[in-house]
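Structure, as structure tokens:
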Amino acid sequence: MSMLELDKVSKVFKSGTFGGSLKPALRQVSFGIDRGEVVSLIGESGSGKSTLGKIVLHLTPASAGKVSFEGQDVTEKKGRELHEYYRHVQGVFQDPFSSYNPLYKADRVFEMVRQEYFGGLQRDAWEAKVETVLETVTLNPADVLNKFPHQLSGGQQQRLLVARALLLDVKLLIADEIISMLDASTRVDVLNMLVSLKRKGLGILFITHDLSLGNYISDKTVILRHGAVVEMGETPKVFGNPQHRYTKSLLTAVPQLHKKWAPFDWSANGSAAPASNGALRPASGAAAPVAEEARETRRYSRSSLSPLHAAKGAKSTPSVGAGAAVAEEAAPGPRPSLMEMEGGRWHRRARRRVTLAEVLAESAPPPLVECEPGHLVAVEE
Amino acid sequence: MSLSVRNLRIAYRTLRGDVQAVDDVTFSVADGEIMGLAGESGCGKSTLGNSLIYLEGRMRHLGGTVELDGKVLPISDDRAMNRHRMRDVSIIPQYAMSALNPTKKIGVLARDLLKSRGTKLAKVLPEFRRRVALVGLPDSVLEMYPFELSGGMRQRATMVISTLLNPSLLIADEVTSALDVSNQRAVGELLTEFRDRGYVKSMIVITHDLSILAQIADTIMVMYAGKLAEKADAGTIIDRPLHPYTQALLSSLPEVGVRYEEEELTGIPGRPPSLLDPPAGCRFRDRCPFAFDKCAEEPPFVELLPGHQVACWKAAQDVAGSAEREHEEAAR
Amino acid sequence: MSDVDQAATSSAPVAPGAPLTGVRAPGAAPVGGAPLGRKAYSGGRRWEFLYFAVRNKKLVLGLGVEIIFVLAAIIGPYFAPYPPKQFVAPAFLHPSAKHLFGTSYFGQDVFSLLLYSLRNSYLVGFLGAAFAGVIGLGIGFIAGWRGGWLDEILQTFTYIVVMIPSLVLLIVIGAYLKSHSAFFEGVFIGVTTWPWVARAVRAQTFTLRQRDFVDLARLSGKRGPAIVLKDIAPNMASYILLAFILLFGSSMLIAVNYDFLGLGPTSGISLGDMLNLAELWSGLQLHLWWWFIPPGAAMTIMVAALLVANVGLDEVFNPKLRET
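Order-wise, the sequence lines are chains A, B and C. All residue numbers for the first sequence refer to the working numbering, where the first residue is -13 and numbers rise by one. All residue numbers for the second sequence refer to the working numbering, where the first residue is 419 and numbers rise by one. All residue numbers for the third sequence refer to the working numbering, where the first residue is 5 and numbers rise by one.
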């Protein structure tokens, strides 16, 4: 049993005033994080990776599934229990600047923690504590205390937020894209700081879309796509021997310094994208698909299906460069009875309201199989 | 020679004084060249890019000339520049995704933009549609509102619109930064494709991401604190950089396959100097591990090796030293 | 990512002469430290606000005029030459040194009437704004913060209130109540005008609630009410102030309308009452312009000054407007 255990966590977003449509953002995601372990959660925008982070942080509720921390169910926590939970589980977000209320000085983030968790502590004891954590994140107190957020650099802001988390007896840190907004020259420092924290026994969920960063820092890697795990396992195995087509395509798209974008064999899955030579071809047909269109998670319309959608049943043809083809992937195999896949989206067939349970059942991800010890991959359809 | 910039100086007005964001910059871009412009945030790279097409109210042209295809661009004259925008110089702005007016359909946006440039959309419509299809967008985007498109789609739509009149120079400002890897690749490949097809003659791709430039750029120019640090062809910059800043920048990038257990990377300590009151001498001096007394003097941006310009005393010394050694060896 | 332009704006704020103490410890801020935050926020936001506020002509003019009227309303009655409502002189007197604004049909001193009326108008304006503000803020915050079913219920309630024809309601209430005071009128106006405040506050709360710093406050163990008060409300302080000013002006106007229609307080006098009486007793036909122009003009100036001040405040708070 890991310290943090996710068991078939699903999230379905309602949209529209009266929950007009249901959109599964996470589909039965299960994995665990141990003490002193960095797990990187890799996915592109819309893959649901940030939603997962928010669910673990209890900032947004899961629609189904269980999150347990040290054996206790997290999803039901509230009031005092939640207060205690935050003593051990903390998060840092993507945009350091917006994590600070612009009206207050930056160290208010410390002050809030003091008010809530260390109310009884003497002033000097508290200040000593603050100094210790600042040292851990290699910040000079004189540089960062008593300043407004905009007076700090992005790297300082981000490290200050990590320091804030460390004030508490934190065991698990959710780091959501924490370095994507930093300059290249400071990114590595923040990464290295995470490594040193991990060595002290902190568990870290490192959420990113950058494979090279994920690879650099993590022990385990989870690749998320359309809200479902497509591949996971020990990082060297996932990166050294990627099994799923999506993982492979992601890896070939990563821009590298010393290697040009390698052609990727799209034909492996019958999807005939002419990406390899980089040549572009005019899209065929009116419904030329685009990467993002497909990337959008499936949406189940609750209202009746529009005739327009019903008419466009045909599967779309991929057109452009590699990227477009990456996301333009075939729909999962057996057609579910209620929904229909079109242009990367699900549309309802039935003319009645779809319940949450039905959406969950029908959006169930393909099963994971173990291709080698410590390396799971989703069955490709 | 497509673009030739000489001694360009651009300042920003602020309440606390002028910020020299582009300080005495000289470079040129050849026909058919994709030049990457790299640097950290605040180094002036966006200002440089923007100044070639549109000087904001707070920006001031302090000196220097910009020549495009042999003609001088009146960059400080907003009205005179209007004739050149989109026809000769065009830009894909940094926040193209949010720059699109949300209440106008893509087709209407293009029409209005072309109208302001004195061209009818109808004239270029067939070509417009062809290019829309080329970048993999459905024909129907012309009838769609920006919010109906995802980030990558919007980025492509702006790409098509801004290059409709086949400008001589295209400035692509951080066009890939907000995208996922697969879209980065798609957009990057489209940029080279546009050049190959002759939609644009030459291009300046501004980004903080050197690895993207390694993929698509022919030459790379690195800026630091408003000054040029180094310029050479892409392979040279990536494999044999001479400027310590470029070297540090490159070594702080984790590549796929690098893990902390095997190789602990290091960042660059410190922060770039304030441009309100920039220090004399080399601006990278405070962060540079090789700084020596000569660095108190400002290093000139000179060609140390064929096609390789650097502004660094240390690099100049090294190059001279190795040339001398070679000379000696040859003599022996 | 940002470039120098952002750095430039973020370093813009501290204008010369603006009080700096307490905002930045002396010597502690090498703010020149190149690229600052992504977005531009000034170090001393509050001071910056004051700096621009005293230099904004519209704000100074609007507030100045308003302050004169408020002072007149507060201390005016003590200096009123004659008791209000009493028949102190012959009727129909033209304005003169003795009777500044002449006398009414009944021989009342119009100037004294005006001074007493101002007080009631301001009282109603303040009460209306206060009640509408408190209710609107409360409902807006709760709906925006909690969301979900509570939000839907409160929204529905808000729409219902919007659709109640307040004039008719007031007539009906008036039929049942023998007498009502200016206090009642103010409360009534407040209770019927809060919905637009609630809707705007709800929308803003909704947006602010999704900001990272709110999540961070939650992660720090803060509870909902504390977050709303400390993190969300201050970020819309400028909006709240503007809304209050608008409510103040509109409450006074609404009150004048009610009073003019004879639905106003049954005791005391107000600007609307004066207009009402002037109209009832054919002030217009009798060319007693000094009877109805002063209250009308006073009302217009009071509300217009508030609106001008409001525009000025808008410019002060919104840097985009400020630059031009």
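By construction, the Cβ of each residue, glycine as well, lies at the ideal position given by its N, Cα and C atoms.
- Restricted to the region 468 to 516 of chain B, the beta strand (DSSP E) segments that are unbroken, complete and at least 3 residues in length are 477 to 486, 507 to 510, listed in chain order.
- Judged by DSSP in its simplified three-state form, arginine 427(B) adopts strand.
- Take the alpha-carbon of glycine 616(B) and the one of arginine 574(B): they are about 17 Å apart.
- Neighbours of valine 130(A) across chain C, judged by C-beta separation under 8 Å, do not exist; the nearest C-beta is about 11 Å away.
- CA-to-CA, the gap between serine 224(C) and proline 662(B) works out to about 42 Å.
- Collapsing the DSSP output to three states places cysteine 357(A) in a strand.
- Contact residues of the region 160 to 174 of chain A toward chain B are Asp169, Ala170, Ser171, Thr172, Arg173, Val174 (C-beta to C-beta distance below 8 Å).
- For the pair of segments examined, the region 69 to 78 of chain C was found to touch the region 295 to 314 of chain C: the number of CB pairs separated by less than 8 Å reaches three.
- Around asparagine 132(A), the same chain offers Lys91, Asp93 as residues with beta carbons nearer than 8 Å, after the five sequence neighbours per side are excluded.
- Contact between glycine 272(C) and glycine 66(C) fails: their C-beta atoms lie close to 27 Å from each other, not under 8 Å.
- Between glycine 144(C) and arginine 213(C), the beta carbon gap of about 12 Å keeps them out of contact (Cβ cut-off 8 Å).
- A contact between stretches requires three or more CB pairs, one per stretch, nearer than 8 Å, and the region 455 to 463 of chain B meets this requirement with the region 621 to 634 of chain B.
- If you draw a 10 Å sphere on the C-beta of glutamine 137(A), you find 16 or more other C-beta atoms in it, and that means buried.
- Neighbours of arginine 215(C) in chain A, taken as residues whose beta carbon is under 7 Å from its own, are Ser84 in chain order.
- Taking a Cβ-Cβ threshold of 9 Å, the residues of chain A close to isoleucine 630(B) are Pro241, in chain order.
- The three-state reading of DSSP puts phenylalanine 445(B) in strand, counting E and B together.
- In the three-state reduction of the DSSP assignment, threonine 207(A) falls in the strand class, which pools E and B.
- Closer than 8 Å to the CB of valine 123(A) there is not a single CB belonging to chain B.
- The C-alpha of glycine 142(C) is placed about 40 Å away from the C-alpha of phenylalanine 83(C).
- Taking each of Leu250(C), Phe210(C), Lys62(C), Leu220(C) in turn and checking the Cα distance to glycine 129(C), the smallest one comes out for Leu250(C).
- Secondary structure of serine 286(C) (DSSP, three-state): coil.
- At the C-beta level, tryptophan 294(C) and histidine 98(C) come within 8 Å of one another.
- Non-local beta-carbon contacts of alanine 439(B) in its own chain, meaning distances under 7 Å to residues more than five positions away in sequence, involve Ile428, Ala429, Tyr430, Gly462, Thr465, Gly644, Leu693 in chain order.
- Alanine 364(A) is bridged by DSSP to Leu354(A).
- Annotation: leucine 671(B) is outside any beta strand (DSSP E) and is labelled neither H nor E by DSSP.
- A distance below 8 Å separates the beta carbons of serine 116(C) and proline 88(C).
- Only residues of its own chain outside the window of five on either side were considered, and among them Leu532, Leu582, Leu583 have a CB closer than 8 Å to the CB of valine 542(B), listed in chain order.
- Under the three-state reduction of DSSP output, aspartate 591(B) falls in the strand class.
- Arginine 21(A) sits away from lysine 223(A), with the two beta carbons spaced by 8 Å or more.
- An exposed status is given to alanine 498(B), since fewer than 16 other beta-carbon atoms sit within 10 Å of its beta-carbon.
- Listed along the chain, the chain B residues whose CB falls inside 8 Å of the CB of leucine 237(A) are Val674.
- In terms of beta-carbon proximity, phenylalanine 225(A) lines the interface with chain B, with at least one pair separated by less than 8 Å.
- Annotation: the continuous beta strand (DSSP E) that includes glutamate 217(A) extends over 214 to 220.
- Interface with chain B (8 Å Cβ-Cβ cutoff): histidine 361(A) is excluded.
- Straight-line spacing of the CA atoms in glycine 51(A) and alanine 248(A) works out to 39 Å.
- Residue pairing from DSSP leaves alanine 147(C) without any beta-bridge partner.
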